[in-house]
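Remarks on the structure that follows.
6 protein chains.
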Amino acid sequence: MKLLVINPNTTQAMTDSILEMARRNAHSNTTITALSPEYGPRSIEGHFEETIAALATVETVAIHRDQYDGFVIACFGDPGVAACREITDKPVIGIAAAAMHMACFLGHKFSIVTVMRRAQPFMEDLVRQNGLEAKCASIRYTDLSVLDLDADPRRAGRDLAEAAKQAVAQDGAEVICLGCAGMGLLDEQIRSVVGVPVVDGVVAGVKVAEALHSARLRTSKVAAYAWPESKELVRCSPTLIRAAHR
Amino acid sequence: MKLLVINPNTTQAMTDSILEMARRNAHSNTTITALSPEYGPRSIEGHFEETIAALATVETVAIHRDQYDGFVIACFGDPGVAACREITDKPVIGIAAAAMHMACFLGHKFSIVTVMRRAQPFMEDLVRQNGLEAKCASIRYTDLSVLDLDADPRRAGRDLAEAAKQAVAQDGAEVICLGCAGMGLLDEQIRSVVGVPVVDGVVAGVKVAEALHSARLRTSKVAAYAWPESKELVRCSPTLIRAAHR
Amino acid sequence: MKLLVINPNTTQAMTDSILEMARRNAHSNTTITALSPEYGPRSIEGHFEETIAALATVETVAIHRDQYDGFVIACFGDPGVAACREITDKPVIGIAAAAMHMACFLGHKFSIVTVMRRAQPFMEDLVRQNGLEAKCASIRYTDLSVLDLDADPRRAGRDLAEAAKQAVAQDGAEVICLGCAGMGLLDEQIRSVVGVPVVDGVVAGVKVAEALHSARLRTSKVAAYAWPESKELVRCSPTLIRAAHR
Amino acid sequence: MKLLVINPNTTQAMTDSILEMARRNAHSNTTITALSPEYGPRSIEGHFEETIAALATVETVAIHRDQYDGFVIACFGDPGVAACREITDKPVIGIAAAAMHMACFLGHKFSIVTVMRRAQPFMEDLVRQNGLEAKCASIRYTDLSVLDLDADPRRAGRDLAEAAKQAVAQDGAEVICLGCAGMGLLDEQIRSVVGVPVVDGVVAGVKVAEALHSARLRTSKVAAYAWPESKELVRCSPTLIRAAHR
Amino acid sequence: MKLLVINPNTTQAMTDSILEMARRNAHSNTTITALSPEYGPRSIEGHFEETIAALATVETVAIHRDQYDGFVIACFGDPGVAACREITDKPVIGIAAAAMHMACFLGHKFSIVTVMRRAQPFMEDLVRQNGLEAKCASIRYTDLSVLDLDADPRRAGRDLAEAAKQAVAQDGAEVICLGCAGMGLLDEQIRSVVGVPVVDGVVAGVKVAEALHSARLRTSKVAAYAWPESKELVRCSPTLIRAAHR
Amino acid sequence: MKLLVINPNTTQAMTDSILEMARRNAHSNTTITALSPEYGPRSIEGHFEETIAALATVETVAIHRDQYDGFVIACFGDPGVAACREITDKPVIGIAAAAMHMACFLGHKFSIVTVMRRAQPFMEDLVRQNGLEAKCASIRYTDLSVLDLDADPRRAGRDLAEAAKQAVAQDGAEVICLGCAGMGLLDEQIRSVVGVPVVDGVVAGVKVAEALHSARLRTSKVAAYAWPESKELVRCSPTLIRAAHR
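If you read the protein sequences in the order shown, they are chains A, B, C, D, E and F. Terminal number for the first sequence in the working numbering: 227, no gaps in between. Terminal number for the second sequence in the working numbering: 227, no gaps in between. Terminal number for the third sequence in the working numbering: 227, no gaps in between. Terminal number for the fourth sequence in the working numbering: 227, no gaps in between. Terminal number for the fifth sequence in the working numbering: 227, no gaps in between. Terminal number for the sixth sequence in the working numbering: 227, no gaps in between.
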């Protein structure tokens, strides 16, 4: 399949590491492209940035929807996923949902380890929106920013491994989900410290997209993700206006 | 207080009726302005449109954040509310959250009556995100579109009243929340048919904004709604770039 | 509006501070009266006292139901609120429900800080009864009794601020609800220590009552809060017998 | 054991049928007394009446707490149970809680069949307060009043059996709980129609009280049901004042 | 009644202590027999062992179903209970469900104290399956194995009491459930340290079985526990083949 | 990968259709084998049969655990999955869990359509155990038995399609999960009638197993699925005794 991995964070180094994780774990007959939207925040750490990135992601899917067989949204806030599912019926997979659902097959409960405190309530909402409260042991945050992951990977890995250890020791976690698209290359370091499976969302997203594509399963168009209603989009970009039509 | 009511649906007739409902129910010392963002869909019925409207709403709050004491987001999907709360600490109130919380003081459970089927799962997510599942008896939909409300208010009122009656008779609803910003002027018609309190979100939003302002309660900045982190917003509008700075 | 604030704790000093908080935060066109029932415990810290206070509160509303436009029940156990709603259709607002719902507009989750340990399970039930489990980060208790709040406000403020700090640091609270009607005057002290919004239930109760009154929203009479059925009340007070009739 | 069954509804015919059900199902070494409080409503169908009955029940337990080994509160709203548990450490069992917990051993889910519509939200709260939402298939109401049960038992049995059949056929109920203390003598009639176990709360309450007494299990005094704090009860009855002291 | 207590752990010393607890707490007219299945693990600490024990327990009930009036499954994982309920309509009571439901009458919330860590997620599932999440404060584990309980009861009692104390002090527990059938004889030791009611599942199981038998309440056969469908059981034991027929 | 699909129902025709569905949807580099345990019920429709099948499935995994890279348990009750995960760290996937998790990527909520009524409570437990209550719209049953699926596929397809249509029209389902391993070949028939994605558990199970294997994700051994403790298994089969050792 031809799979487009979109990094809503407009930072090339992060897109590079996402692409590396995706390619390492893709099937041999999957072709992966990774890119960022044409605009948006360097990194996504709050709702303001996520709201910009969500629209930018929708525009990116709109531009490429005919060229690819599926889409992975590589930010652990799953920005724009619901909207993207309306403008295509091909698989659109958020890495947070993918990581959490995959984690459910690996242990009794998972914890998410992530960047700064403001990410915690954000991810609590995400867990609830996916209906997975009962399987989420905790969301542990650190002092890291998203861009620290690339700037100082050693420290990042150490801090995340420490958070993961506490999740396993104190919260009942049996699996760790990495709570940011830029953490994938740290997975082995964390796993070796904490001794439980570590799920990178990018990897999980690729595998879920491949699975759905291979099983010919497409997004339901009966309600939540029906094609957009026909209407005027006042002063919106041509991309969005085209996207609104099937 | 000076209160800005933002209608994320870019339809003037709807903005007019929203303003009328807001003014009718505001305190005498509240000054209400109502407007739509500079761009966006004529009406919001799905995630695609909501994603556009969310960013347009954030930009609108960004432009006006120093001129007003509080903001009501007049679309029953509460688009952009979380993001707006990051760029100001003044009250930012979504009408869905406002209607649902106010309804809890009026009866044991509320139902939402709304437009077409695709709105139902959307609002289920909203109920869950607000943590009010236990108080929501049902979400009943009709065949109406958002713009039908203005185009044929008689039919709209009749269909919504019928949905409301079923919610009361079969689902255990004791209060009805009107599930669209454009339904306010139908409240008396529906109330007279169904015999239980009918809560318009615009009214509820104005009252909650006034309440918080009067009590000098401002948005918590400790985590979920902290001011945006400092970073580059690539190719974003000057409005957004300014908004990112406190 | 004419608003009656009932302090179910029969302690005048507490009623005085409740009145002060209510008046400070009321709209200019709201007239506030505060009083205690004619009988009942000096303070309410358990179910036994709450059961007495609930009936005393109902009798108090019964006596005054024609003289006022709304009622605030100023005890963080919301004693008798459901019963009072049956004997009037004007707003009857419990301060616990009011504080918790208002807190939902200010941050992602709230914690309650309260008096002695026995209050904790009591308030857990209250949170559940209001269906707000998902928004309540924790209920933190101290060694204080209700009457300690007035006897030694400095210590009370310090202990509550400490509990609030732990709620923010460890439990994910972004807003603090003061878990007793007698804590209002400590709000600034606590807010200055903990750095997040602090919601006093009396203030919240007054604002919600004003909001509903202004929006002409009255209690639903379709089921949970229908007028009492006609029947004999054996050896009950004349007040109660009259209250049973609309 | 010596067991006191308190009927908070002050109707002798109902107390008689409660006593009959209790005695039929008690162990041979259990002595049952049944009585009503000295005051209160003839029947309990709403919160107003329940609030009166709760205090009357507490006074009744207070008067008799030294003469009996356990107490069953025979009203399906469990009025005053929490308060009664504070003034004794002997078992105090509400028939609603008893019926629901016992039903859990008999089938996958239970439904409650009860009197008029206003009882439904009341019992929904009760189910939630007992934490049994996941085991309650539905609460089905009829047009009956509490006193209709005695006045026209044939119709009552027929209407309740019909409600029970619908609960089994449509809601997934496998067990039926009778949602009023006065329904016990109808159990066989309903069971023969509906073909699933029918649990009378009075019977369940007696069995649970016997079970706890026999196992020497007493109410925990560490928090929720600790002995009342020492304090003045202003203008309360001598019975209540004595009750407040262990 | 004639009650069969089945210890799915094939360790005679454990069966002996279970029998002692059961007899101590049974009514005078209850005759208790205790035995283990003919095969199975010495102790049950995980799902693998539980799966073996479940089938062994079913076979044991199958063999004895006509000789007894009820069955208690004395392992805190309730192995095979649902299956056993299909092949008889007499009470089949798992000690975990019995302990948890009884605990609900004794305090606001219970905690379970149990053996090694792997038991914790197992029991979390059990709590959820019984729908009692809201009443379970925590599940605290120790370093003990099941067989340590008999081998070194002093240490076991001390470690469990310590876990129980933490549950009461930190988790809000008001009642302790002993999370293994072999802990019953430690109940007094733990209760004296922790000061709250301690519920042994064997005792609770016996009391619930007696209660249901006395009230002539039998398992519902309408769905979840209907008699097995008629069909071939390939290469299964004669006991199982006979069990499949009513 | 070498994947073993185990059909716990000992019916060859069903195993054949399972194998066909598995092979149709497997990646080209996956080798699928399908077989039934050496003993067990012809079909699984209740807990009694499921308990037998669970142990038979564990023995089957035990025998083959070194020859395969992963295991799919092809019965929509997921019998023995937890136990199997203890005796290997390779993926062990139950088809119910796989279908439900995959369905979450395709629509807002899924419904399960299944055989006779007794399957409904069984599957409700399964949904809860997987923590997916919020995503499950309903479980609709028919009059079919498991073996009817093969005996009269036309009727089976028609009845299941009818149940699926009701789930979509009345319950809010957007995706249909086929609630039995023997329904796979009916997927197209049902999809064409109901117009939403139809997920066969066998297909989902194969895709999830492939995904985890490809991503080198293995079962967590820290608690719930740790290797069995060392102990005597009295009179158990040599297969089980060997299985207990890593």
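Beta carbons: idealized from backbone N, C-alpha and C, even for Gly.
Is the separation between the beta-carbon of residue i and that of residue j shorter than 9 Å?
i	j	result
isoleucine 74 of chain A	valine 53 of chain A	yes
leucine 193 of chain A	glycine 58 of chain A	no
proline -11 of chain D	alanine 35 of chain D	yes
leucine 87 of chain F	threonine 95 of chain A	no
threonine 26 of chain B	valine 127 of chain B	First, the amino acid is wrong: residue 26 of chain B is glutamate here, not threonine. For glutamate 26 of chain B and valine 127 of chain B, yes; Cβs fall inside 9 Å.
serine 218 of chain E	glutamate 40 of chain E	yes
threonine 69 of chain E	cysteine 56 of chain E	no
arginine 231 of chain D	alanine 204 of chain C	Any question about residue 231 of chain D goes unanswered here, given that chain D covers just -18 to 227.
Closer than 8 Å by C-beta to residue i: which residues in its own chain qualify, once you throw out the five before and the five after it? Chain order, please.
i	result
arginine 223 of chain B	Ala43
serine 92 of chain F	Cys117, Ala118, Ser119, Ile120, Arg121, Ala145, Ala148, Val149, Asp152, Ala154, Val156, Ile157 and Cys158
glutamate 114 of chain E	Val108
proline 22 of chain D	Asn(-10), Thr(-9), Glu30, Ile33 and Ala34
What residues from chain B crowd round residue i, counting only those whose CB sits closer than 9 Å?
i	result
glutamine -7 of chain D	Those within 9 Å of glutamine -7 of chain D in chain B number zero; the least Cβ separation is about 32 Å.
Report the neighbours of residue i on chain F: residues whose CB is nearer than 8 Å to its CB, in chain order.
i	result
cysteine 85 of chain A	Ala78, His82, Asn111 and Gly112
With a threshold of 16 other CB atoms inside 10 Å of the CB of residue i, please say whether the residue is buried or exposed.
i	result
aspartate 133 of chain B	exposed
lysine 116 of chain D	buried
threonine 12 of chain A	exposed
aspartate 181 of chain F	buried
aspartate 168 of chain D	buried
arginine 197 of chain F	exposed
aspartate 47 of chain A	exposed
glycine 176 of chain F	exposed
histidine 82 of chain B	buried
glutamate 191 of chain C	buried
glutamate 19 of chain E	exposed
asparagine 6 of chain B	buried
aspartate 140 of chain E	buried
Among residues of its own chain, excluding the 5 on either side of residue i, which ones have a beta-carbon nearer than 7 Å to its beta-carbon?
i	result
alanine 15 of chain B	Val(-14), Asn(-12), Thr(-4), Ile(-1), Leu0 and Ala3
alanine 78 of chain A	Asp59 and Asn111
leucine 130 of chain B	Ala137, Cys161, Gly163 and Met164
List, in chain order, every chain E residue whose beta-carbon is nearer than 9 Å to that of residue i.
i	result
isoleucine 68 of chain F	Phe29
Name, please, each residue of chain C whose Cβ falls closer than 8 Å to the Cβ of residue i.
i	result
valine -14 of chain B	Simply none; closest approach about 15 Å.
Can you pull the chain A neighbours of residue i, defined as C-beta to C-beta under 7 Å?
i	result
glutamate 231 of chain B	Here chain B has residues from -18 to 227 only, and residue 231 of chain B is not among them.
Near residue i, what residues of its chain come up, given a Cβ to Cβ distance below 6 Å and the 5 sequence neighbours on each side ignored?
i	result
histidine 89 of chain A	Glu155
cysteine 85 of chain E	Lys116
Could you work out which residues of chain E lie near residue i, taking near to mean beta carbons separated by less than 7 Å?
i	result
threonine 32 of chain F	Ala35, Leu36, Val39, Gly61 and Ala64
Please list the partners that residue i has in chain A, where partner means a Cβ-to-Cβ separation under 8 Å.
i	result
isoleucine 74 of chain F	Phe86
Please list the partners that residue i has in chain A, where partner means a Cβ-to-Cβ separation under 9 Å.
i	result
histidine 89 of chain C	Gln101, Pro102, Phe103, Glu105 and Asp106
Name the chain C residues that come within less than 7 Å of residue i, Cβ to Cβ?
i	result
leucine 221 of chain D	Ile33
Any C-beta of chain E within less than 9 Å: which residues of the region 193 to 219 of chain D qualify? Leu193, Ser195, Ala196, Arg197, Leu198, Arg199, Thr200, Ser201, Lys202, Val203, Ala204, Ala205 and Tyr206
May I ask you to list, following chain order, the residues of the region 103 to 134 of chain C that have a beta carbon less than 8 Å from some beta carbon of chain A? Ala115
What are the residues of the region 143 to 160 of chain F that lie near chain D, defined by any Cβ-Cβ distance shorter than 8 Å? none
Note down, in chain order, all residues in the region 169 to 184 of chain C with a beta-carbon under 7 Å from any beta-carbon belonging to chain B. Gly176, Val177, Pro178, Val180 and Val184
If contact means a Cβ-Cβ distance below 7 Å, which residues of the region -8 to 12 of chain F contact chain A? Asn6 and His8
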